[in-house]
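Student: Take a look at the following structure, please.
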Amino acid sequence: MSTKRTISIGLAGNPNTGKTTLFNAITGLHQKTGNYPGVTVEKKEGRRIYSGVEFIVYDLPGTYSLTAYSMDEIVTRDFILEDKPDVIIDTLDSTNPERNLYLCLQFQELGIPVIGALNITDQAEKMGIYIDENRLSGLLGIPMIKTVGANGSGIEKLLDAVIQIVDSRKTPRRSIFYGNEMETEVSKLISVIESDQIFSKKYPPRWLAIKLLEKDINANQKISAHKENCAIIKQTRESIDFIESHFGADSEVVVSEQRYAYIHGAAAESVRKNTGGNINLSERADIILLNRIIGLPIFLFILWSIFNLTFKLGEYPMGWLESFFTTLASFLSGYLQDGLLKSFVIDGIIGGVGGVFSFVPLIIILFLCISILEDTGYMARAAFIMDKFLHIFGLHGQSFLPMMVGFGCSVPAIMAARTLKNPIDRIITIIVIPFMSCGAKLPVYILLAGAFFPQNSANMVMLIYLIGVTMALLSAILLRKTILKGDPAPFVMELPPYRMPTLRGILWHVTDKTGCYIKKAGTILLAASILIWAMVSFPKPPEDIVNEISKTEIRIVDNVAQAEKELSYSIAGKLGRLIEPAVKPLGFNWKTGIAAITGLAAKEAVVSTLGVLYKVGNEENEESASLREALKNDGGFSPLVAFVLMLFTLIVPPCLAALSTIKAELGWKWLGFTTIYLLTLGWIVCFAVYQIGKLSWPGI
Amino acid sequence: MNILNLNRGASFKVKRVTLPRETGKRLADMGFTSGTEGVIVRSALLGDPIQIKILGYNISIRKSEAAGIIVEIPPEEKNPPRGEDI
Ligand SMILES: Nc1nc2c(ncn2[C@@H]2O[C@H](COP(=O)(O)OP(=O)(O)OP(=O)(O)O)[C@@H](O)[C@H]2O)c(=O)[nH]1
Ligand SMILES: [Mg+2]
Chain A
1 MSTKRTISIG LAGNPNTGKT TLFNAITGLH QKTGNYPGVT VEKKEGRRIY SGVEFIVYDL
61 PGTYSLTAYS MDEIVTRDFI LEDKPDVIID TLDSTNPERN LYLCLQFQEL GIPVIGALNI
121 TDQAEKMGIY IDENRLSGLL GIPMIKTVGA NGSGIEKLLD AVIQIVDSRK TPRRSIFYGN
181 EMETEVSKLI SVIESDQIFS KKYPPRWLAI KLLEKDINAN QKISAHKENC AIIKQTRESI
241 DFIESHFGAD SEVVVSEQRY AYIHGAAAES VRKNTGGNIN LSERADIILL NRIIGLPIFL
301 FILWSIFNLT FKLGEYPMGW LESFFTTLAS FLSGYLQDGL LKSFVIDGII GGVGGVFSFV
361 PLIIILFLCI SILEDTGYMA RAAFIMDKFL HIFGLHGQSF LPMMVGFGCS VPAIMAARTL
421 KNPIDRIITI IVIPFMSCGA KLPVYILLAG AFFPQNSANM VMLIYLIGVT MALLSAILLR
481 KTILKGDPAP FVMELPPYRM PTLRGILWHV TDKTGCYIKK AGTILLAASI LIWAMVSFPK
541 PPEDIVNEIS KTEIRIVDNV AQAEKELSYS IAGKLGRLIE PAVKPLGFNW KTGIAAITGL
601 AAKEAVVSTL GVLYKVGNEE NEESASLREA LKNDGGFSPL VAFVLMLFTL IVPPCLAALS
661 TIKAELGWKW LGFTTIYLLT LGWIVCFAVY QIGKLSWPGI
Chain B
1 MNILNLNRGA SFKVKRVTLP RETGKRLADM GFTSGTEGVI VRSALLGDPI QIKILGYNIS
61 IRKSEAAGII VEIPPEEKNP PRGEDI
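So, in structure tokens, the structure goes:
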């Protein structure tokens, strides 16, 4: 074989045009897609070998313009300007050619070879929008290929076009004609730029000239960083002044206008719209779903339904899994001899991890619902409905999307906050995301609610979710009024048309998320359970004490108390006593305290630790039903304590994975702030609830 | 006349956008340039934000920004369809 050629491709385009779908189709990977703008927030790399060429493909966040506003858009812009891929594939949404071409023409201006992928052709043709791609391509001087990302059609043509454009070594020659007046100013600027050796080598002069007329901050920074910049700055000012007085508008707006004028011209000749003025299905759905009066109740009903579906439907398979693990435990205990090995297998492994595994069905249902919301396009509607309300609390519609994602898992939610333009909005959103109860907190709530509030368990869990949301809102306004002052950025968001979720997309999403949960249970939580088991089991009390205990007390006290006594010699017991002063005011005994604290590593660890702690040495309960029963029968627990433990799990800092994401996104300072804020708040709230509860209802 | 003066369902033609630089340019990038036509689709509860259809796609903007979008009524529609106030 000959030496392999490689071609790097940047997949860019407007948000929500199917870049990631195309990326997945080209590379065979499974990056996350969803029907709302801003799903991809960081650059992702993939490879594909085709026709003897290795393609290195980069999936980029969507952007409306190369004048970047938000963090995710800056990623795209920097990649294209600094890393210069060999070719850009601009993914265009064919249902909306004009706005999509606006960005495409800016790529052309950059002088990097561009190919347009006219994606979502299927939907466009259903809507009666036909694009003559040869005509369009002839008009703009950009190859245009029709594609359907969902079924991969057009992908090979696209790659052929990439090879062809690289082989022909053609950098785009044509570019937009901005009208006589502007072109004169552009030429003047170009000649000044070209007389500067350094600049004209580094950046395409025509592109730089236009960016200067657009008052682009980044371009201006480049100029001011350069020493001999007087001539360029002077010419820029003169040209802008001329344009503004001639057109009577800001020059950056004039640039946009001329671009759109050029596009409207090209579209008039190559796009045929046969929409017939009738409202399409998506718009008809919105008449109901976005209705002023019933829109909000519908949204709340959808949330309530998701919640109930997860809880009520999930209960059955969860019960089966629970009894499976109980049966397994009693089956094994029949075979294993009393002693360390038996305790290790039954208390350490099954007691700890089995409890967490039982929740897999719930997790599947929860993620199924979330991904249906994401893929249909309803998420963006919910942001529209909720914007005004969130605004009152200093958040806005765009914060809403990451917060909803937070009901699944905080890690992607924190990253999704990159779509917020204003850094203050972004920091506030990230700090409050942990209040959105993630999928890992759900098992803790369900275990405790099921054990102590059997009549109202669903309502109890719902209450905790609502408390979380309320705290998120109150914290947001508190932060906005104190340390993070400033107005939220304007809320400008595209509402994509509804789309039928693909079965493949949903299944992939759910298996991915569930796989993560199972993997965590099988690794981190297993390790944690074993560690806790070892801490509970060692060291054993000295022989003479054991004898003494059994001699003097066995008749008087039941063997639960004996186990307690033995436990107090173990590492866990000693550690427990160490932390007891901190958790006692919250109503936790040392065992519950340890469980609550392991939740800092991973929220499900609360369940697995309780599983180990409340089963070890508890001979009587070994064959009895579940952890639920074990907790109910324990003197250290009461409905009030259970409620406080749920609150504690809700509020105190999220798991390590989420914390390290906060560190990566915002740095040490905000990580430290978030951790201290959540710890303090969690402790105070739990303290207050427990103490008030104890005084008001001494019985519980 | 700006967008807030129009009724739900009314068509408009953009004249210019008078908003702070960043937002103004963003709206221009998204198609709010002079001569472009659009329709007011609806508003959310309490009248804010507003959904507008422009260049064949739907966009949500707040009242505070909508007030800066100066428009006129396109000639063929001197009698805008009667709708509720937005
Ligand atoms: N009908 C149809 N839908 C498509 C097509 N390609 C993508 N989609 C859908 O369009 C939506 C957006 O796709 P993504 O691949 O996430 O879009 P993106 O451009 O990566 O979006 P961002 O990362 O948010 O910028 C998803 O719901 C896809 O299922 C297509 O060719 N036809
Ligand atoms: Mg994407």
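So the sequences go chain by chain: A and B.
Every letter in the first sequence is one number past the one before it in our numbering, and letter 342, counting from 1, is 342.
Every letter in the second sequence is one number past the one before it in our numbering, and letter 60, counting from 1, is 60.
Yeah, the Cβ is synthetic: ideal placement off N, Cα and C, and Gly gets one too.
(1) Is Asn-123/A near ligand 1, with its Cβ less than 6 Å from a heavy atom?
(2) Taking contact to mean at least 3 C-beta pairs separated by less than 8 Å, is the segment 342-353 of chain A in contact with the segment 524-535 of chain A?
(3) Any chance the CB of Val-405/A is under 6 Å from a heavy atom of ligand 1?
(4) Under 9 Å between beta-carbons, which chain A residues line up against Glu-65/B? List them in chain order, please.
(5) Taking 6 Å as the line, does the beta carbon of Arg-499/A fall inside it for any heavy atom of ligand 1?
(6) Determine, using beta carbons only, whether Ile-385/A comes closer than 7 Å to chain C.
(7) Quick one, which residues of the segment 43-62 of chain B are near chain A if we go by CB-CB under 8 Å, in chain order?
(8) By the criterion of Cβ-Cβ separation under 7 Å, what are the contact partners of Ser-34/B in chain A?
(9) Which ranges would you report for the beta strand (DSSP E) in the segment 18-83 of chain A if only whole runs of at least 3 residues count?
(10) Would you mind working out which of Ser-65/A, Asn-100/A, Ile-129/A, Phe-55/A sits nearest Asp-704/A, comparing C-alpha positions?
(11) So does Ala-747/A have its beta carbon nearer than 6 Å to some heavy atom of ligand 1?
(12) According to DSSP, is Glu-553/A part of a helix, a strand, or is it coil?
(13) Kindly provide the ranges of any alpha helix (DSSP H) runs that are 4 or more residues long and lie completely inside the segment 130-159 of chain A, ordered along the chain.
(14) Would you kindly report the start and end of the unbroken alpha helix (DSSP H) that includes Asn-220/A?
(15) With 7 Å as the threshold, decide whether the Cβ of Arg-292/A is near any Cβ in chain B.
(16) Please confirm if Glu-181/A has its CB atom under 7 Å from at least one CB of chain B.
(17) Residues of chain A with a CB under 8 Å from the CB of Val-17/B: which are they?
(18) Return the bridge partner residues of Ser-119/A from the DSSP annotation.
(19) Helix, strand or coil: how does DSSP classify Val-607/A here?
(20) Are Phe-133/B and Val-71/B closer than 7 Å when you measure CB to CB?
(21) Out of Ile-198/A, Gln-221/A, Val-186/A, which one is the CA nearest neighbour of Trp-207/A?
(22) Quick one: is the Cβ of Thr-33/A within less than 6 Å of any heavy atom of ligand 1?
(23) Quick one, are the C-beta atoms of Asn-35/A and Asp-375/A less than 7 Å apart?
(24) Using DSSP with H/G/I as helix, E/B as strand and the rest coil, what is Gln-691/A?
(25) Assign Ser-8/A to one of three DSSP states: helix, strand, or coil.
(26) I'd like to know whether the C-beta atoms of Ile-3/B and Ala-44/B end up nearer to each other than 7 Å.
(27) Just reading off the beta strand (DSSP E) that Val-492/A is part of, what are its end residues?
(28) Are any of the Cβ atoms in chain B nearer than 7 Å to that of Arg-99/A?
(29) Among all the DSSP beta bridges, which residues are the ones paired with Tyr-57/B?
(30) Taking the straight line between their C-alpha atoms, what separation do you get for Trp-668/A and Ala-601/A?
(31) Give, in chain order, every residue of the segment 50-76 of chain A whose Cβ lies closer than 8 Å to some Cβ of chain B.
(32) Nearest-angstrom Cα distance between Lys-513/A and Glu-156/A?
(33) For ligand 2, any of its heavy atoms closer than 6 Å to the Cβ of Thr-20/A?
(34) Thinking Gly-68/B and Thr-18/B are a contact (beta carbons under 8 Å), I'd like their distance in whole angstroms, please.
(35) Three or more beta-carbon pairs under 8 Å between the segment 678-690 of chain A and the segment 582-589 of chain A, yes or no?
(36) Expressed to the nearest angstrom, what Euclidean distance is found between the alpha-carbon atoms of Pro-49/B and Ser-282/A?
Tutor: Walking through what the data contain:
(1) For clarity, residue 123/A is Gln in the given sequence; the question names Asn instead. It does: the Cβ of Gln-123/A is within 6 Å (strictly closer) of some heavy atom of ligand 1.
(2) Touching, yes, given that three or more Cβ pairs across the two stretches are closer than 8 Å.
(3) Val-405/A Cβ: outside cutoff for every heavy atom of ligand 1.
(4) Pro-490, Phe-491, Val-492
(5) yes
(6) Going by chain labels, chain C is absent from the structure shown, which instead holds the protein chains A and B.
(7) Result list: Ser-43, Ala-44, Leu-45, Leu-46, Asp-48, Pro-49, Gln-51, Leu-55, Gly-56, Tyr-57, Asn-58, Ile-59, Ser-60, Ile-61, Arg-62.
(8) Those are Glu-257, listed as they occur along chain A.
(9) 44-50, 53-59
(10) With chain A represented from 1 up to 700, any question about residue 704/A goes unanswered, as that position is not in the structure.
(11) Because chain A is modelled from 1 through 700, residue 747/A falls outside the range shown and cannot be assessed.
(12) Interpretation of Glu-553/A is limited by its pLDDT of 46, a score under 50 that renders its predicted location unreliable; no figure is taken from the coordinates.
(13) 133-140
(14) Where Asn-220/A is concerned, the enclosing alpha helix (DSSP H) stretches over 217-224.
(15) yes
(16) no
(17) By Cβ distance, chain A contributes Val-253.
(18) According to the sequence provided, residue 119/A is Asn. The question's Ser does not apply to it. In the DSSP output, where bridge partners are listed per residue, Asn-119/A has Asp-93/A.
(19) helix
(20) In the structure as shown, chain B begins at 1 and stops at 86. Residue 133/B is therefore absent and cannot be evaluated.
(21) Val-186/A
(22) yes
(23) yes
(24) helix
(25) When DSSP states are grouped into helix, strand and coil, Ser-8/A belongs to the strand group.
(26) Contact flag unset, no.
(27) 492-495
(28) yes
(29) Ile-54/B
(30) 18 Å
(31) Tyr-64, Ser-65, Thr-67, Tyr-69
(32) 31 Å
(33) Indeed, a heavy atom of ligand 2 lies less than 6 Å from the Cβ.
(34) 5 Å
(35) yes
(36) About 19 Å.
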